[in-house]
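Data block below; observations after.
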DNA sequence: TATGAATGAGGATTCATTCAT
DNA sequence: AATGAATGAATCCTCATTCAT
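Residue numbers (the working numbering), protein chains in the order written: chain A, 20 to 221; chain B, 20 to 221; chain C, 20 to 221; chain D, 20 to 221.
See the structure below:
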């Protein structure tokens, strides 16, 4: 440890977040007991409280960590490989972002999708959700201006498309999207694109 | 009721089911307390136990009641107006079934969608879920045989389509799908049809 | 039970208050566990929470109940038998009030005396303490105006006199002042009167 | 320290004792956490356990240190300036002993006064208490034999007199007796002497 | 030697369930 | 038959104590 070492061990905080996320995904926030979180993280119960003030704080931290991770993957994927040449290509990048996140962090994705029940979500957590929504509606609006995405309320289209993706991911439990053959995944991508694509457009 | 009619009052059982469903939809099965269910049903806590052996039984009864209701609506809608003339028409009927159910029983629909977490679901409840799935995959398979629905694993297509519908319904909370203008709903129907429709087909 | 019967059973609340007071007197507020309070009251732990929101509330209710009881006894005793003929007689009545209270509610008296530690005392509780203080300083001031009680800060004299009485009561644990012979008690009364009495006065 | 001097640093032990005493006085033994003691002593929690086997041992050491300090001050004061010429003078010396201790170690005095609750006090600690009591009753008995102190159970008179002094000290919180003007202190001394003094005596 | 992060037994509180009314 | 007060197991959280650094 160097002189800048902090009292809190970031590895343990991370371990706890991961443990919490996977349990919340399996059994619900309310249905998950603190000792279970500790056990899965291979840590004593008391340790949770060195890193988080209580269960609610842990739940929010887990939610924010997961949402932020999704948002980062989406942003990364969108920016990869320079400016997109077409709306379809841009869609492919967004799809890739979702796909990568749901593939590498399946439990986190499932956990996020259950949090319409905001029993415990703090305003800060909800703000992060809004950022992801904004990311998606921005894409839809660009596509609509380019005449490539069908008309209608962008939020509604987002709801349909993300809903379809979520349905796919949940259906593939427990392994998640990783267990899907590449061509099946490509077929799903095409199907969702057709959900958004304006008929009669290029 | 026959001459051996029991002391149980079916209205109260129904009231409790409705109360439980709406609370489970709002706060999760685990996050809902028995006294809260009783209160919303305007009944004493003790009364719940005259109608259901315990919380888990209540949860399963609520789930089964809701799933059965959805299945009934779907079957009804499909059979309405004689044999369908086309896959698209059949899709319209299925869509109508979902739409009617989500419109009239919004909370029940939301509750059902959260029950991927089968912490408490009995095999009987899961069997009912399978029946709804079968209903949907049957439709997909008929459509595929007719060359109207795209190729691929029917269950995966079901997951995408129902996922899309679910996304729409959740997005429209709290009022649910009833607050959607008829043309918006029609647009959503078209979008989901395009998700399923085989390109190049009629 | 009549139609005005309340949901809360006042006997249980009272039982809990008594149980809490005696335990707090024996082991400190902090050193007393909720299950111990329940056990002494012959009640389940959960029942405490039907009557008091939590430990702190129970502690304050116990304190207020005890202080109020003391104040009532003091007021009663002072008003007994018409106007006092002398300061000494008035002192006798005040002494009687203290004596009766400490005799019948020994544990409550001891509990009250420990609450200089206001770790948990709410402003309302402290206000009641102030009322008892006022009662005592009023008496001292009347005595000083009559030339019968020595000069000096009334609060300081109160502190000395009540301190002396408290020392006596604590020393007589566990039975308390009841186990004191009447003439010993009378001797103590005289001694404390001499603590207050102005020398050279009548 | 001799050549076998241990690794223990007596300054730290002392620091811990002082820290413990002041916290126990403020918040009760039970209400004081070990980390709080460590923090006030500017020492790591673990260090407490190098000097004391546990909380109970710390509590007893603190109690004994405080009681011993009081006893030492009393003995010192009594022996100061040769043989006392009168019981009143002897009383003055005892009073001075109490006064000096309560003045210089206010928190310790308050802490001692709360320890009628012997939840944690070991027999050794109680033996020390008995020594202080004996010191005081010896004085009372001498005074009674000299006809200067009123008749009655010496322990009871001790309880009254020490109780009065204690009441005074507590009333003067937080600064304690140091904030009292010299003439007020002298007045209190006279009052307590009158509590003990046999009427009609010289 | 000193530290404070980690631990888990123990304490406060909640809530499914029972049962006397 | 209906009720809701009473119960205590199960939950969240605290804090005395340990031990690796």
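Don't be surprised by glycine CBs; every beta carbon is placed ideally from N, CA and C. This structure is a prediction, so every number in the text was calculated from the model and none was measured.
CA-to-CA distance, residue j to residue i, given in whole angstroms
| i | j | result |
| --- | --- | --- |
| residue 138/D | residue 75/B | 46 Å |
| residue 21/A | residue 28/A | A caution first: residue 21/A carries a pLDDT of 42, below 50, which makes its placement in the model unreliable, though a value can still be read off. Their Cα atoms are separated by approximately 13 Å. |
| residue 123/B | residue 36/A | 39 Å |
| residue 218/A | residue 60/A | 50 Å |
| residue 131/A | residue 131/B | 17 Å |
| residue 64/C | residue 211/A | 56 Å |
| residue 216/A | residue 107/A | 9 Å |
| residue 165/C | residue 187/C | 28 Å |
| residue 100/B | residue 109/B | 11 Å |
| residue 129/A | residue 200/B | 30 Å |
| residue 85/C | residue 127/C | 6 Å |
| residue 23/B | residue 77/B | Only weak support is given to the placement of residue 23/B: the predicted model assigns it a pLDDT of 46, under 50, and the value that follows is read from those uncertain coordinates. Approximately 24 Å, taken between the alpha carbons. |
| residue 43/D | residue 189/D | 15 Å |
| residue 57/C | residue 81/C | 14 Å |
| residue 160/D | residue 214/D | 15 Å |
| residue 25/A | residue 135/B | At residue 25/A the pLDDT is 43, less than 50, meaning the model places this residue with poor confidence; the figure from the coordinates comes in the next sentence. Roughly 40 Å between the two C-alpha positions. |
| residue 111/C | residue 111/D | 29 Å |
Sequence-distant residues of the same chain with beta carbon closer than 8 Å to residue i, five excluded per side
| i | result |
| --- | --- |
| residue 105/D | 167 |
| residue 90/C | 147, 150, 151 and 154 |
| residue 113/A | 93, 96, 97, 155 and 158 |
| residue 79/A | 139, 140, 141, 143 and 144 |
| residue 34/C | 60, 61 and 62 |
| residue 204/B | 118 and 196 |
| residue 83/C | 143, 144 and 147 |
Residue-level contact to chain D via CB, residue i, 8 Å cutoff
| i | result |
| --- | --- |
| residue 74/C | no |
| residue 187/C | yes |
| residue 145/C | no |
| residue 207/C | yes |
Neighbourhood of residue i by C-beta, 7 Å cutoff - its chain only, sequence neighbours within 5 removed
| i | result |
| --- | --- |
| residue 31/C | 62, 66 and 70 |
| residue 198/B | 191 |
| residue 170/D | 163 |
| residue 88/B | 120, 124 and 127 |
Any chain C beta carbon closer than 8 Å to residue i
| i | result |
| --- | --- |
| residue 203/D | yes |
| residue 168/D | no |
| residue 160/D | no |
| residue 52/D | no |
| residue 214/D | yes |
| residue 172/D | yes |
Chain-ordered chain A contacts of residue i [CB-CB under 8 Å]
| i | result |
| --- | --- |
| residue 131/B | Simply none; closest approach about 13 Å. |
Residue-level contact to chain A via CB, residue i, 8 Å cutoff
| i | result |
| --- | --- |
| residue 125/B | no |
| residue 56/B | no |
| residue 150/B | no |
Closer than 8 Å at the beta carbon, the chain B residues around residue i
| i | result |
| --- | --- |
| residue 181/A | 186 |
Residue i: contacting residues in chain B (beta-carbon distance under 9 Å)
| i | result |
| --- | --- |
| residue 211/A | 179, 183 and 214 |
Cβ of residue i within 8 Å of any chain B Cβ
| i | result |
| --- | --- |
| residue 175/A | yes |
Amino acids of chain B, ordered along the chain, whose beta-carbon sits closer than 7 Å to that of residue i
| i | result |
| --- | --- |
| residue 219/A | None at all; the shortest Cβ gap to chain B is about 12 Å. |
Chain-ordered neighbours of residue i on chain D, where CB pairs are closer than 7 Å
| i | result |
| --- | --- |
| residue 109/C | Those do not exist, as residue 109/C stays about 18 Å from chain D at its closest Cβ, beyond 7 Å. |
Chain-ordered chain A contacts of residue i [CB-CB under 7 Å]
| i | result |
| --- | --- |
| residue 95/B | Those do not exist, as residue 95/B stays about 24 Å from chain A at its closest Cβ, beyond 7 Å. |
Amino acids of chain C, ordered along the chain, whose beta-carbon sits closer than 9 Å to that of residue i
| i | result |
| --- | --- |
| residue 49/D | 46, 47, 48, 49, 50 and 51 |
Reduced DSSP category for residue i - H, G, I as helix; E, B as strand; rest coil
| i | result |
| --- | --- |
| residue 30/C | helix |
Same chain, Cβ closer than 6 Å to residue i, neighbours up to 5 away in sequence not counted
| i | result |
| --- | --- |
| residue 54/D | 64 |
| residue 51/B | 42 and 43 |
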